[in-house]
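S.K.: Heads up: the protein sequence lines correspond to chains C and V, in order.
Residue numbers for the first sequence follow this note's numbering, beginning at 508 and rising by one.
Residue numbers for the second sequence follow this note's numbering, beginning at 9 and rising by one.
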Amino acid sequence: MSFDAAYFDLGRLDRLSYGETVMHRLDPRAKVIATGLFLVTVVSFPKYDVAGLVPFLLFPVLAAALGDIPIGFILRKVLIVSPFAVFVGIFNPLLDTRTVAVVAGLPVSAGWLSFASILAKFALTVSAALLLVATTSFPGVCHALRRLGCPAIFVSQLLFLYRYLFVLAEEAMRIVRARNLRSFGGRGRGASVFARLVGILLIRTLDRAERIYRAMLSRGFAGDLPTLRNSRAGSGDLAFAAATAILLGVFRFLPVTEGIGRFAQGLWS
Amino acid sequence: MSHHIIDFRDVRFRYPDGTEALKGISFRITHGESVGIVGANGAGKSTLLQHMNGCLLPSAGEVTIGDLQLTAGTRREIRRKVGVIFQNPDDQLFMPTVFDDVAFGPLNLGMDEAHVRERVESALSRVNGLALRNKPPHHLSAGQKSAVAIAAVMAMEPDILAMDEPAAYLDPRSRRLLIELLKTFRHSKLVASHDLDLILDVCERCIVIRDGRVAADGPSAELLTDGALLEENHLELPLSLQRR
């Protein structure tokens, strides 16, 4: 992906988060808590339990549908980071060759099962995190973290990251464009030029950091980023968090997949 | 009202790399005056403005704001009085939303929530930016960013306003609105700019800086019509005075 395309793609995730749907309007804290519970529950499954993970697909699908988030967009993002998960689990089928099931005449080893479980957990957790960011403005997530007891300095870092990510990306984009406009036939695109560009970007960033810090001091900065609390959790938010928690508990501790399977068999016979 | 006085006495400043940016600048601005700072690129305008609220401290000489002499110890106090609007609004808007950014100063002044909201709303409506309040700065146009940066400083209700090239990113209409806005600010103000028409409109007095020294100091109407002086300083007659 070219630099510009990557930048606009990042901007798209950010734009999505300023939507106006039921999901967007929920209190960020409720969403952060629900996502956190979801992550913990998914990760807590034993390593051979793939069937138990299937019902959890319901959560991201529902969140995307309610939040009006294009599923294809989320899936593409999941795919981009998937190599990490693939490399974590790729050797499991080779190391763990015990046969645990036979599907359509082919033996399935425990390694393949645990590999599938790693991939499923990965897809579920990453899409849940992406959906949280896509349905909640980033400052909203940060303030939620702050109010849930996350240290102020950590939250400030996140807020600055968000604020200046786009400024930095634009700066880099300008430098890359300026280079491309004056490099012909592949000359000027080599590693040595690239190294210098990165150096320039670093120096510009340091200069900017100094100017920002001055602007902050000029307005009375004394070590903390104060903000007004402008969200209030209502009964809807509580209900959302409670419903998610209960559903997660049911999916975790009751054999839901088996139940659905039995039910389907019952319909069939 | 002694607290709106700005007094520079033989101020010198040398950057750590040895460049001497200010070589003995003296002037005195009294309450309610509005003064334009003009000069060539690199003449020392921005360095001078950084001295207004102690972002830089003079290597020699004295800066006095109101009845306080600028030192490392008094600069926090001085920053309450002097609002500085920097050239690049991206440096100035560091909070994640427009509202948070404008509220930043008032919150640091220790105001309560109701007061802060009031300040933010009135500052934003002065720059026609009330509709932007929940937006993140990176979704704003350059002109909107400038407007919000000005509101963020106005919200602190400073006694003295210092601006570096305030109209640099503005389209003609926004620039006109800015000029009208500046005219409504009754306290002392200092505007560094190459936009001589803006200076002519907003400031009755003008200081020309050349090579770290005051080259001329007098009524804008006089200095900005002096073709020879302007040319010496890499400037031109304001467009409104040029005949085609």
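We put the beta carbon where it would ideally sit given N, CA and C, even for glycine.
Only a predicted model underlies this, so the values are computations on that prediction, with no experimental measurement involved.
Let's test the definition: count the other Cβ atoms within 10 Å of the Cβ of Thr-604 (chain C) and tell me whether it reaches 16, buried, or not, exposed.
M.R.: The residue is exposed, with fewer than 16 neighbouring Cβ atoms inside 10 Å.
S.K.: Starting from the beta carbon of Asp-179 (chain V), find every residue of chain C whose beta carbon is closer than 9 Å, and list them in chain order.
M.R.: By Cβ distance, chain C contributes nothing, its closest Cβ being about 20 Å from Asp-179 (chain V), past 9 Å.
S.K.: If Val-46 (chain V) sits next to Val-216 (chain V), beta carbons under 8 Å apart, how far is it from one beta carbon to the other, in whole angstroms?
M.R.: The pair is a contact, with the Cβ atoms about 6 Å apart (cut-off 8 Å).
S.K.: Can you pull the DSSP bridge partners for Ala-170 (chain V)?
M.R.: V:Val-92 and V:Leu-198, per the DSSP bridge assignment.
S.K.: So, using beta-carbon positions, are Gly-220 (chain V) and Gly-52 (chain V) closer together than 8 Å?
M.R.: Result yes, Cβ atoms of Gly-220 (chain V) and Gly-52 (chain V) sit closer than 8 Å.
S.K.: Rounded to whole angstroms, what is the Cα-Cα separation between Gly-81 (chain V) and His-59 (chain V)?
M.R.: So the alpha carbons of these two residues sit roughly 14 Å apart.
S.K.: What's the call for His-123 (chain V), buried or exposed, on a 16-neighbour Cβ count within 10 Å?
M.R.: It is exposed - the Cβ of His-123 (chain V) has fewer than 16 other Cβ atoms within 10 Å.
S.K.: Per the DSSP calculation, Gly-226 (chain V) is bridged to which residue(s)?
M.R.: In DSSP, Gly-226 (chain V) forms a bridge with V:Cys-214.
S.K.: How about Val-210 (chain V) and Val-222 (chain V): do their beta carbons lie closer than 8 Å?
M.R.: Going by C-beta atoms, Val-210 (chain V) is not nearer than 8 Å to Val-222 (chain V).
S.K.: Between which residues of its own chain and Thr-712 (chain C) is the CB-CB distance below 8 Å, once the five residues before and five after are set aside?
M.R.: Result list for Thr-712 (chain C): Leu-675 and Glu-678, in chain order.
S.K.: Mind pulling the chain C residues with CB within less than 8 Å of Arg-87 (chain V)?
M.R.: Here the neighbours are Leu-724, Ser-725, Arg-726 and Gly-727.
S.K.: From the DSSP output, which residues share a beta bridge with Glu-28 (chain V)?
M.R.: Answer by DSSP bridge pairing, in chain order: V:Arg-22.
S.K.: Run through DSSP, which three-state label would Val-557 (chain C) get?
M.R.: Three-state DSSP puts Val-557 (chain C) in coil, outside helix and strand.
S.K.: Between C:Asp-731, C:Val-557 and C:Leu-637, which has its C-alpha nearest Met-103 (chain V)'s C-alpha?
M.R.: Taking only the C-alpha atoms, the option nearest Met-103 (chain V) is C:Asp-731.
S.K.: I want to see whether chain D comes within less than 8 Å of Thr-105 (chain V), judged by CB atoms only; does it?
M.R.: Included in the structure are the protein chains C and V, with no chain D among them.
S.K.: Name the residues in the segment 157-181 of chain V whose C-beta lies less than 8 Å from a C-beta of chain C; which are they?
M.R.: Listed by position, the residues of the segment 157-181 of chain V near chain C (Cβ gap below 8 Å) are Ala-160, Val-161 and Met-164.
S.K.: What in chain C is Cβ-close to Phe-193 (chain V), meaning under 7 Å?
M.R.: Going along chain C, no residue has its Cβ under 7 Å from Phe-193 (chain V), so there is no contact; the nearest lies around 17 Å.
S.K.: Tyr-669 (chain C) touches chain V at which residues, Cβ-Cβ below 7 Å?
M.R.: Correct list: Pro-104.
S.K.: Throw me the rounded Cβ distance for the Ile-168 (chain V) and Ile-33 (chain V) pair, which I believe falls under 8 Å.
M.R.: At roughly 17 Å, the Cβ-Cβ gap does not stay under 8 Å, so Ile-168 (chain V) and Ile-33 (chain V) are not in contact.
S.K.: Across the segment 99-118 of chain V and the segment 146-161 of chain V, are there enough close Cβ pairs to call them in contact, namely three or more that are closer than 8 Å?
M.R.: The segment 99-118 of chain V vs the segment 146-161 of chain V: in contact.
S.K.: For a minimum of 4 consecutive residues, which ranges assigned as the alpha helix (DSSP H) are wholly contained in the segment 562-641 of chain C?
M.R.: List check, alpha helix (DSSP H) in window: 565-574, 578-596 and 599-602.
S.K.: Pull up the distance between the alpha-carbon of Tyr-177 (chain V) and that of Phe-580 (chain C), whole angstroms please.
M.R.: So the alpha carbons of these two residues sit roughly 35 Å apart.
S.K.: Provide the residue span of the alpha helix (DSSP H) that contains Val-46 (chain V), from first to last.
M.R.: First-last for Val-46 (chain V): 42-47, but that is the beta strand (DSSP E), not the alpha helix (DSSP H).
S.K.: Could you please tell me which residues of the segment 523-537 of chain C, in chain order, have their CB closer than 7 Å to any CB of chain V?
M.R.: Going along the segment 523-537 of chain C in chain order, one finds no residue with a Cβ nearer than 7 Å to chain V.
S.K.: Does the CB of Val-674 (chain C) have a neighbour CB from chain V at under 8 Å?
M.R.: So yes, Val-674 (chain C) belongs to the interface.
S.K.: Which complete alpha helix (DSSP H) runs does the segment 91-163 of chain V hold, if anything under 4 residues is left out?
M.R.: With a minimum length of 4 residues, the continuous alpha helix (DSSP H) runs that stay inside the segment 91-163 of chain V are 97-100, 106-116, 121-134 and 150-162.
S.K.: Can you confirm whether Arg-721 (chain C), when its beta carbon is compared against all beta carbons of chain V, has any partner nearer than 8 Å?
M.R.: Answer yes: the Cβ-Cβ gap between Arg-721 (chain C) and chain V drops below 8 Å somewhere.
S.K.: Any idea if Trp-775 (chain C) is buried or exposed, counting beta-carbon neighbours within 10 angstroms, 16 or more meaning buried?
M.R.: Looking at its Cβ environment, which holds fewer than 16 other Cβ atoms inside 10 Å, Trp-775 (chain C) is exposed.
S.K.: Taking only the alpha-carbon atoms, compute the straight-line gap between Leu-652 (chain C) and Pro-646 (chain C) and give it to the nearest angstrom.
M.R.: Distance between the alpha carbons of Leu-652 (chain C) and Pro-646 (chain C) is about 10 Å.
S.K.: Please state whether DSSP places Thr-764 (chain C) in a helix, a strand or coil.
M.R.: Here Thr-764 (chain C) sits in helix by DSSP.
S.K.: Assign Val-529 (chain C) to buried or exposed, taking buried as 16 or more other Cβ atoms, counted over all protein chains shown, within 10 Å of its Cβ.
M.R.: Exposed, because fewer than 16 other Cβ atoms sit within 10 Å of the Cβ of Val-529 (chain C).
S.K.: Indicate the three-state DSSP secondary structure (helix, strand or coil) for Leu-735 (chain C) in the structure shown.
M.R.: Three-state DSSP puts Leu-735 (chain C) in coil, outside helix and strand.
S.K.: Does Thr-734 (chain C) get closer than 8 Å to chain V when you measure Cβ to Cβ?
M.R.: True, the Cβ-Cβ gap to chain V drops below 8 Å.
S.K.: With a cut-off of 8 Å on the beta carbons, I'd call Ser-67 (chain V) and Arg-20 (chain V) a contact; round off their distance for me.
M.R.: Yes, they are in contact, since the Cβ atoms of Ser-67 (chain V) and Arg-20 (chain V) sit about 5 Å apart, within 8 Å.
S.K.: Smallest Cα separation from Arg-183 (chain V): which of V:Ile-207, V:His-195 and V:Met-164?
M.R.: Looking at the Cα atoms, V:Ile-207 is the closest of the given residues.
S.K.: Look at the alpha carbon of Thr-606 (chain C) and the alpha carbon of Arg-522 (chain C), and state the distance between them as a whole number of angstroms.
M.R.: C-alpha separation (whole angstroms): 48 Å.
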